[in-house]
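Here the working numbering runs 5 ahead of the position in the sequence shown, where the first position is 1. We treat Cβ as the ideally placed atom computed from N, Cα and C, and that holds for glycine. Since we're looking at a predicted model, the values are computed, not measured. Below: one structure, written as structure tokens.
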Amino acid sequence: MTAERSEPHLHRLTTPHTAAAVGIVFAVLFTASIVLIRQAIPADPFGTTEWLEAGRSRLTVALTLSQFACIAFLWFIGVLRHRLGDLEDQFFSTVFVGSGLLFLALILVTMASAGGLLLADQAEAVPAQESAAFAHALILQISNVYSIRMAAVFMISLGTIWMRTGLMPRWLVAPTYLIALILLFAVTEALWLTLVFPAWVAVISLFLLTHARQAFPPRRTIRPRT
């Protein structure tokens with residue numbers, strides 16, 4: 006007598022309800038790393054290089070935190086895209102994901118420049134003052150201009166998606182557009198401008214966490230294809 010074999014069931018891979026917390030993790034780690042870097046480097050990139058030794062520990066901690074911040078932001082992009090579900094549009098999603106990845110790439114270049122500066126100064130392989138001035142100027146340009154612009158595009162694309170699909174309330178969409186325009190056209194090296202984006206990410210994450218059941222549908226059981 007042949008025993009009947011029960012048909013296996015496959016479970017659809019779904020996002021955990023608490024996945025949106027990675028946005029808060031990014032906001033905390035990224036804010037801490039940016040503050041440490043701005044405290045370690047002087048305002049004048051063409052001054053002396055004594056700050057390299059004094060700020061070495063802060064820069065080292067900032068570089069470590071930024072790596073995990075970038076990983077958390079990558080997961081945050083996945084959370085936002087999962088929330089779109091079947092409403093996802095290829096055009097807007099390409100801009101949304103692409104700008105987010107470019108933002109990550111620019112942040113990693115910034116941190117790599119700071120790390121390279123520390124290594125070069127420690128090994129004394131290049132003239133310290135010239136390399137410090139170049140790396141300092143590069144860090145400020147990328148973190149305060151180019152990465153901020155990509156963050157603004159990221160917010161504008163998301164705001165447009167939310168407005169057209171109704172996934173997020175208008176009281177979140179309107180400030181998203183306003184903050185994005187400020188980041189897109191502001192010309193300043195002020196620290197607050199760099200910290201606006203992680204603060205926005207934290208607010209969005211808190212909203213997703215408080216509306217977790219709406220953001221992430223329950224797991225469904227599916228049968229395997231034969």
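Contact under 7 Å by Cβ, Pro-180 with Ala-32 = No, Cβ-Cβ distance for Pro-180 and Ala-32 is not below 7 Å.
Exposed or buried, Gly-171, counting other C-beta atoms within 10 Å across all chains shown (16 or more means buried)?
-> When all chains shown are included, Gly-171 counts as exposed.
Nearest to Ile-29 by CA position, among Gly-121, Leu-188, Trp-80, is which residue?
-> Ranking Gly-121, Leu-188, Trp-80 by Cα distance to Ile-29 puts Trp-80 first.
Count the other CB atoms, across all protein chains shown, that sit within 10 Å of the CB of Gly-90; report buried if there are 16 or more and exposed otherwise.
-> With fewer than 16 other Cβ atoms within 10 Å, it is exposed.
Would you kindly report the start and end of the unbroken alpha helix (DSSP H) that includes Ala-26?
-> 26-45 is the span of the alpha helix (DSSP H), which, as asked, contains Ala-26.
In terms of residues, what are the limits of the alpha helix (DSSP H) holding Val-84?
-> Residue range 61-89 is occupied by the alpha helix (DSSP H) that includes Val-84.
Euclidean distance between Cα positions of Ile-46 and Glu-135 | Inter-residue distance for Ile-46 and Glu-135 is about 15 Å (C-alpha atoms, whole angstroms).
Counting only the same chain and skipping the five closest in sequence on each side, list residues whose C-beta sits under 8 Å from that of Leu-34.
-> Cβ neighbours of Leu-34 beyond the five flanking positions: Leu-70, Ser-71, Phe-73, Ala-74, Ala-77.
Rank Asn-149, Ala-207, Trp-176 by C-alpha distance to the C-alpha of Thr-249 and give the top, closest one.
-> There is simply no residue 249 to check, as the chain begins at 6 and stops at 231 in what is shown.
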